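Peer 1: So that we are looking at the same thing, I have put the structure below in structure tokens.
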Amino acid sequence: MAKDYYKIIGVEKTANAEEIKKAFRKLAHQHHPDKKGGDEAKFKELNEAFQVLGNEEKRKQYDQFGADFEQQGGFGGGAGWEDFMRAARGQQGGFQNGAQFDFGGGFGDLFGDFFGGGNSRGGQKRGQDIQVDVELNFREAVFGIEKEIHLTKRNACAVCNGSGAEPGSGHKKCAVCGGQGQVRRVQQTILGAMQSVATCDNCHGAGNVAEKKCKHCNGGGVERNDSKYTIKIPAGIDDGGTIRLSGKGEHPGVGGVAGDLYVRVRVRADKAFHREGQNIFTETHISFPQAALGDSVVIQTLDGEKKLAIPEGTQSQQQFRLRDLGVPEINGSRRGDQFVTVIIDVPKKLSRSAKKLIEELKNEK
1 MAKDYYKIIG VEKTANAEEI KKAFRKLAHQ HHPDKKGGDE AKFKELNEAF QVLGNEEKRK
61 QYDQFGADFE QQGGFGGGAG WEDFMRAARG QQGGFQNGAQ FDFGGGFGDL FGDFFGGGNS
121 RGGQKRGQDI QVDVELNFRE AVFGIEKEIH LTKRNACAVC NGSGAEPGSG HKKCAVCGGQ
181 GQVRRVQQTI LGAMQSVATC DNCHGAGNVA EKKCKHCNGG GVERNDSKYT IKIPAGIDDG
241 GTIRLSGKGE HPGVGGVAGD LYVRVRVRAD KAFHREGQNI FTETHISFPQ AALGDSVVIQ
301 TLDGEKKLAI PEGTQSQQQF RLRDLGVPEI NGSRRGDQFV TVIIDVPKKL SRSAKKLIEE
361 LKNEK
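Written as structure tokens, this is what we have:
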């Protein structure tokens, strides 16, 4: 049986958005599982109902389709209850498996107040990730190469190594958080007095501060300068492939860790070779006599020139496979294949003798 969302929240079908919101807030306060005497099952049901009725478009669909709307997954597009609770509390990992939560209609305000604005609890500050592009030609991507990249970014101070303290001086316990790296705050909300935990702004989560600030970075633990890295591009990487260098991104300063550097590969197109996965495709042009009588032709491969046997009666657009002359697997030993498409060239002009021979051929059965 389909659930009656209006009955769950305790309002009439004619209730306006403000009445629905008010009714939900009252029941959420009563049944919230983080409160003494709360009912998680009931709160989950309330949330499901409010996700629909608190959204104007979803409410219209529910009013129109009823049970059919419920079967379409009215709550969160496949998101789980644990996903929702993590997102509501602002914890890291709250949006798992691509789940998206609609906190419209005042729902976000409710949980922003309830859980302290969605800040992660006591997490170490992390610098921004950086992405740079590096361009390769076709052969470099196939066989791998080392590339040197240069960029200007925020790095840990070279003098204090990111600690923010003048060399030779020590650290002392942070007076704001008492060495915990976190501060607790109590907020008065519609659900009562609620406690939240956040990273200490004074020590940035480290729990201690420098006795004497580093003169080079003024205690910030970070400086902006040029960086140079040698990147080993693996054989077989394709256009758009990305290499991650852990800890080589932007540094956030004292109490934090650097983000990551992502190197995205751009491969220039090649006139002779076309790649599809581990296989490559090329073309070779032959004459009609070569196609009819057979021949041996020289073709270009990634490993240099190779001979290809053209059998008698070869047709135009016929494809031949050369094993193990394609692109190698990344971190593997197997190579793909090369496929050669034969194109028969028809001459636009013929000598008299050539025309005579073709006429004789034409008259043969």
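Here UniProt numbering is used: position 361 in the sequence shown is 361, and no number is missing along the way. Where a beta carbon is used, it is the ideal one built from N, C-alpha and C, also for glycine. Treat the numbers as computed from the prediction; the structure is a model and nothing was measured.
How should residue 136 be labelled, buried or exposed, when 16 other C-beta atoms within 10 angstroms of its C-beta is the threshold for buried?
Peer 2: In the sequence shown, the residue the question calls residue 136 occupies position 136. Buried, because 16 or more other Cβ atoms sit within 10 Å of the Cβ of residue 136.
Peer 1: Quick one: grab the DSSP three-state call for residue 40.
Peer 2: Taking the first residue of the sequence shown as position 1, residue 40 is located at position 40. Residue 40: helix per DSSP, three-state reduction.
Peer 1: Report the partner residues of residue 366 according to the DSSP bridge assignment.
Peer 2: Absent from the structure is residue 366, since the part of the chain shown begins at 1 and ends at 365.
Peer 1: Let me confirm a value: residue 33 is counted as buried when at least 16 other C-beta atoms fall within 10 Å, else exposed. Which label applies?
Peer 2: Taking the first residue of the sequence shown as position 1, residue 33 is located at position 33. So residue 33 counts as exposed.
Peer 1: Classify residue 51: buried if its beta carbon has 16 or more other beta carbons within 10 angstroms, exposed otherwise.
Peer 2: Position 51 of the sequence shown, counting from 1, holds the residue named residue 51. Taking every protein chain shown into account, the CB of residue 51 has 16 or more other CB atoms within 10 angstroms, so this residue is buried.
Peer 1: To the nearest angstrom, report how far apart residue 235 and residue 264 are at their CA atoms.
Peer 2: Working through the sequence shown from its first residue, we reach residue 235 at position 235. Working through the sequence shown from its first residue, we reach residue 264 at position 264. In a straight line, the C-alpha of residue 235 is about 15 angstroms away from that of residue 264.
Peer 1: DSSP three-state label for residue 364, please.
Peer 2: Position 364 of the sequence shown, counting from 1, holds the residue named residue 364. If DSSP states are grouped into helix, strand and coil, residue 364 belongs with coil.
Peer 1: Where residue 359 and residue 302 are concerned, what is the direct C-alpha to C-alpha distance, given to the nearest angstrom?
Peer 2: On the sequence shown, position 359 is the one that residue 359 refers to. On the sequence shown, position 302 is the one that residue 302 refers to. Approximately 41 angstroms between the Cα atoms of the pair.
Peer 1: On the CB-based measure, 16 or more other CB atoms within 10 Å of its CB, does residue 321 come out buried or exposed?
Peer 2: Sequence index remark: in the sequence shown, residue 321 carries index 321 (1-based). Label assigned to residue 321: exposed.
Peer 1: Give me, in chain order, the residues of the same chain whose beta-carbon lies closer than 7 angstroms to that of residue 200; leave out the 5 immediate sequence neighbours on both sides.
Peer 2: Counting from 1 along the sequence shown, the entry for residue 200 is found at position 200. Cβ within range, chain order: 174, 176, 177, 181, 182, 183.
Peer 1: Starting from the N-terminal side, write out each stretch of the beta strand (DSSP E) that is 3 residues or longer and does not extend beyond the segment 214-294.
Peer 2: 222-233, 242-245, 261-267, 274-276, 279-287
Peer 1: Tell me the residue span of the beta strand (DSSP E) that contains residue 312.
Peer 2: Here the question's residue 312 lines up with position 312 in the sequence shown. Run containing residue 312: none; DSSP gives neither H nor E here.
Peer 1: Compare the C-alpha of residue 252 against each of 154, 237, 239, 287 and name the closest.
Peer 2: Here residue 252 corresponds to residue number 252 of the sequence shown, with the count starting at 1. If we check each option's Cα against that of residue 252, 154 comes out closest.
Peer 1: So, are the CB atoms of residue 134 and residue 231 less than 8 angstroms apart?
Peer 2: Here the question's residue 134 lines up with position 134 in the sequence shown. Here the question's residue 231 lines up with position 231 in the sequence shown. Taking 8 angstroms as the Cβ cut-off, residue 134 and residue 231 qualify as a contacting pair.
Peer 1: If residue 129 and residue 229 are in contact, beta carbons under 8 angstroms, what's the gap, nearest whole angstrom?
Peer 2: Your numbering for residue 129 matches position 129 in the sequence shown. Your numbering for residue 229 matches position 229 in the sequence shown. Between residue 229 and residue 129 the Cβ distance is about 15 angstroms, and since that is not below 8 angstroms, they are no contact.
Peer 1: Could you round the C-beta distance between residue 46 and residue 28 to whole angstroms and report it? I think they count as a contact, below 8 angstroms.
Peer 2: Residue 46 sits at position 46 when you count from the first residue of the sequence shown. Residue 28 sits at position 28 when you count from the first residue of the sequence shown. With 8 angstroms as the limit, residue 46 and residue 28 qualify as a contact, their Cβ atoms being about 6 angstroms apart.
Peer 1: Are the beta-carbon atoms belonging to residue 341 and residue 281 less than 8 angstroms from one another?
Peer 2: By one-based count along the sequence shown, residue 341 stands at place 341. By one-based count along the sequence shown, residue 281 stands at place 281. Their beta carbons are under 8 angstroms apart, which means residue 341 touches residue 281 by this criterion.
Peer 1: Exposed or buried, what is residue 331 when buried is set at 16 or more other beta-carbons lying within 10 Å of its beta-carbon?
Peer 2: Against the sequence shown, residue 331 aligns to sequence position 331. Residue 331 comes out exposed.
Peer 1: Is the separation between the beta-carbon of residue 246 and that of residue 151 shorter than 8 angstroms?
Peer 2: The residue given as residue 246 occupies position 246 in the sequence shown. The residue given as residue 151 occupies position 151 in the sequence shown. Going by C-beta atoms, residue 246 is not nearer than 8 angstroms to residue 151.
Peer 1: For residue 131, tell me which candidate among 250, 216, 39 has the shortest Cα-Cα distance.
Peer 2: As a working note, residue 131 is residue 131 in the sequence shown. Selected option, being the one with the closest Cα: 250.
Peer 1: Let me know if residue 351 comes out buried or exposed under the rule of 16 or more other beta-carbons within 10 Å of its beta-carbon.
Peer 2: As a position in the sequence shown, residue 351 is number 351, starting the count at 1. By the neighbour-count rule (16 or more Cβ atoms within 10 Å), residue 351 is not buried but exposed.
Peer 1: Could you check whether residue 268 and residue 138 sit closer than 8 angstroms to each other, using their CB atoms as the reference points?
Peer 2: In the sequence shown, counting from the first residue as 1, residue 138 sits at position 138. In the sequence shown, counting from the first residue as 1, residue 268 sits at position 268. Against a cut-off of 8 angstroms, the Cβ pair of residue 268 and residue 138 comes out as a contact.
Peer 1: Quick check on residue 78: does DSSP put it in helix, strand or coil?
Peer 2: On the sequence shown, position 78 is the one that residue 78 refers to. Because the pLDDT of residue 78 is 39, which lies under 50, any placement of that residue in the model is unreliable, and the number read from its coordinates should be weighed accordingly. Residue state, collapsed to three classes: coil.
Peer 1: Helix, strand or coil, according to DSSP, for residue 72 in the structure here?
Peer 2: Position 72 of the sequence shown, counted from the first residue, corresponds to residue 72. With a pLDDT of only 47 at residue 72, under the threshold of 50, the placement of this residue in the model should not be trusted; the figure read from the coordinates follows. Residue 72 falls in the coil class under three-state DSSP.
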